[in-house]
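Beneath this line is the structure, given in structure tokens, with notes to follow.
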Amino acid sequence: MPPLDFFISQWTPLPTAPMGPVLKGKTVVLTGANSGIGLAAAHQLAALEPDMLILACRNIKTGDAALASVLKQSPNVNAAVWELDLASFESVKAFAIRANDELDRVDLAILNAGISPNRTAPMKATGDGHEVTHQVNVLATTLLALLLTPALQRSAAPHLVITSSEVHGWADSSPIAAPLHAGRSILADFDEVALYNSQERYFVSKLLLQLVVRRLIPALPRVVITSVNPGMCLTNLMRDVNLSSLADLLEVLPFAPMMPFMRGAGRGAAMLVLAAIAEESAEYWHVGVASAAPSVFMATMSGMRACDQYFAEVCALCEKLAPGCTEVLELPRSLGSVS
Ligand SMILES: NC(=O)c1ccc[n+]([C@@H]2O[C@H](COP(=O)([O-])OP(=O)(O)OC[C@H]3O[C@@H](n4cnc5c(N)ncnc54)[C@H](OP(=O)(O)O)[C@@H]3O)[C@@H](O)[C@H]2O)c1
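Using the working numbering, the first residue of the sequence shown is number 1, and each one after it goes up by one.
Listed below in structure tokens is the structure:
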């Protein structure tokens, strides 16, 4: 059962998202734009009149449907669907090359796409060899952030928004602490079938993402980076639950008391859109304001060391996948080498 804070925060009044031509002259990239929070964010962003709104979707058909609904509401917006599959590093690189080729700059990138794996199914790996939740929610999201940074840095006021989740604070940190203390790669452990815990994976993937954000913020001082908890919202995130499976039903039953507290996707999306005009970076936004990340692990010495080690490992992977991509980072001496 989640902490009492969760129930209170779900009913806490949220600040209102910006209105009017706030994004005039800006180029915006939004991932996961065809469903749930991302789709609602696409509608809200379009209403703010950006010069260009890129809906990054893995499925062009559902992306086109999202675009049609956005254009119905905001007929004058200049928007397009671009293919992006975070389960493929090649797709991430192709997307970033296209962005750097076709866009003068990116003023706002909202990296929102994410998955929650079925809690009773065995581990699934991507063609790149990583556990799929780990790759989509963390590795490919970080690679995309790095690859979009040159375009972001061409903006006078670049903003990078990453969709976080409160569940990072509920995650069991032992799958991170164990390799850290044993001198093993944290990243490699998360791709091990024998260590895969389907019930924990979504939560811990969001904790890993939070570790990355903590190190990304000081390493990209020119970009306003905000990692935003949209709150628990009614979306398609649990789409992999098989309602005809008793095992799946038993798994999701403990979440039933949370249902009356869920937000509509639009209210969660508004928190991402609000972060688009944030004045300074913040590693965690909760109920629309910068707050301390609720992860107890991140406040410990092990948590600090895990931030350093995991960030260095992810950067080394990104550097291997796209040589030169980490050159945008201003790293402290202790983290200076990512190879
Ligand atoms: N819902 C919540 O309560 C909640 C709370 C906190 C944080 N979040 C976070 O909010 C974000 C959006 O989730 P949601 O709740 O709106 O769920 P959703 O309705 O399932 O939307 C997820 C989006 O991510 C996209 N996506 C998934 N795998 C992808 C891939 N390999 N490549 C590119 N895009 C991919 C999906 O595209 P397809 O439709 O093509 O699969 C979809 O557009 C996620 O990061 C999630 O962790 C959600």
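The beta carbon of each residue, even a glycine, is placed where N, CA and C say it ideally should be.
First through last residue of the alpha helix (DSSP H) which encompasses H423: The structure shown does not extend to residue 423, since the chain is modelled only from 1 to 339, so the question has no answer here.
N229, buried or exposed, once every other Cβ within 10 Å from all chains shown has been counted against 16: buried
Paired residues, beta bridge with W285 - DSSP: V228 and A290
D85: CB within 7 Å of a non-hydrogen atom of ligand 1: yes
Reduced DSSP secondary structure (H/G/I, E/B, other) of L108: strand
Closest residue to I115 among L237, A292 and F255 (Cα-Cα distance): L237
Cβ distance (whole Å) where L187 is taken to contact L144 below 8 Å: Not confirmed; about 17 Å, so no contact.
Assigned exposure category for D85 - 16 Cβ within 10 Å defines buried: buried
P254 Cβ short of 7 Å to ligand 1 heavy atom set: no
Nearest residue (CA-CA) to N197, options P122, P15, D128 and L48: P122
Pair within 8 Å by beta-carbon distance, L273 and A17: The sequence given here has Val at residue 273, not Leu. Yes, Cβ-Cβ distance for V273 and A17 is below 8 Å.
Which of helix, strand or coil DSSP assigns to V296: coil
Closest Cα partner of A42 within the set G20, P257, S74 and V328: S74
Other residues of its chain near M52: CB distance less than 6 Å, five sequence neighbours each side excluded: T27 and N78
Cβ-heavy atom distance, I37 to ligand 1, below 7 Å: yes
Neighbour-count burial assignment, G264, 16 or more Cβ in a 10 Å radius: exposed
Helix, strand or coil at M277 [DSSP, three-state]: Note that residue 277 corresponds to Ile in the displayed sequence, not to Met. Coil at I277, not helix or strand.
At least 3 beta-carbon pairs within less than 8 Å: the segment 315-333 vs the segment 247-264: no
Extent of the continuous beta strand (DSSP E) run through V29: T27 to T31
L23 versus D107, F6 and I97, residue with shortest Cα-Cα distance: D107
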